[in-house]
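To start, the structure itself, in structure tokens.
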Amino acid sequence: MEETQAFENHVLERLNAGKTVRSLLIATVELLTDAVNLLLLQVFRKDDYAVKYAVEPLLDGDGPLGELSVRLKLIYGLGVLGRYEYEDCELLMALREELNYDGNEYSFIDDEILGPFGELHCVAALPVAANFIDDSDPTLLAMQRKRYLQVVRSTMVLSLTELISKISLKKAFQK
Numbered sequence: 002m003e004e005t006q007a008f009e010n011h012v013l014e015r016l017n018a019g020k021t022v023r024s025l026l027i028a029t030v031e032l033l034t035d036a037v038n039l040l041l042l043q044v045f046r047k048d049d050y051a052v053k054y055a056v057e058p059l060l061d062g063d064g065p066l067g068e069l070s071v072r073l074k075l076i077y078g079l080g081v082l083g084r085y086e087y088e089d090c091e092l093l094m095a096l097r098e099e100l101n102y103d104g105n106e107y108s109f110i111d112d113e114i115l116g117p118f119g120e121l122h123c124v125a126a127l128p129v130a131a132n133f134i135d136d137s138d139p140t141l142l143a144m145q146r147k148r149y150l151q152v153v154r155s156t157m158v159l160s161l162t163e164l165i166s167k168i169s170l171k172k173a174f175q176k
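Numbering (our numbering), first residue to last: 2 to 176.
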């Protein structure tokens, strides 16, 4: 139990360190890659010969399982990963890839970010945007927007932490 909590804390710290959407998604995909790799290694034989001559070449960067998306498909196809987890991982990878090619810096509350995050199964519900009154005090308005941004960011970080932890702590072929 303590190991589980320590791992979740590690994931939470890594995700929370990212102050931008881009850095959050980069950390998320890196952590997902680690989680999927650990899960995938459970699927293969453990003896030294098999690892050296069969498993490592498959997982090498230019091997057939070198890409995260292929690894995900394999563990999903083997029934190790659930459909919602698989779909969430694919969506997060696609969003990260999109941000790699898009030069814009998005906020956590931009529609381009909220839309895809709202589709994630691991996100129970994104906070509802408050009706910010434009005639109100500009300082109050800025404070309300900042608070909303923090709540949305926290929701994203906690949801992604849960997804990554759930995948990382899975045991292949055990119910």
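For every residue, glycine included, the Cβ atom is placed at its ideal position computed from N, Cα and C. All values derive from a computational prediction rather than experimental measurement.
Is the beta carbon of residue j closer than 9 angstroms to that of residue i?
i, j, result
"valine 81", "glutamine 43", "yes"
"glycine 19", "leucine 13", "no"
"valine 22", "serine 108", "yes"
"leucine 40", "methionine 94", "no"
"serine 1", "phenylalanine 8", "With the chain represented from 2 up to 176, any question about residue 1 goes unanswered, as that position is not in the structure."
Is residue i helix, strand or coil when you go by DSSP?
i, result
"cysteine 123", "coil"
"tyrosine 107", "coil"
"lysine 172", "coil"
"glycine 19", "coil"
"proline 117", "helix"
"asparagine 177", "An answer regarding residue 177 cannot be provided, because it is not within the stretch 2 to 176 covered by the chain."
"lysine 47", "coil"
"proline 58", "helix"
For residue i, does the count of other Cβ atoms within 10 angstroms reach 16, so buried, or fall short, so exposed?
i, result
"leucine 141", "exposed"
"glutamate 86", "buried"
"leucine 73", "buried"
"valine 158", "buried"
"serine 166", "buried"
Specify, as a first and last residue, the run of the alpha helix (DSSP H) that residue i falls within.
i, result
"lysine 167", "139-169"
"glycine 78", "69-78"
"serine 24", "22-44"
"leucine 66", "Run containing leucine 66: none; DSSP gives neither H nor E here."
"alanine 95", "84-102"
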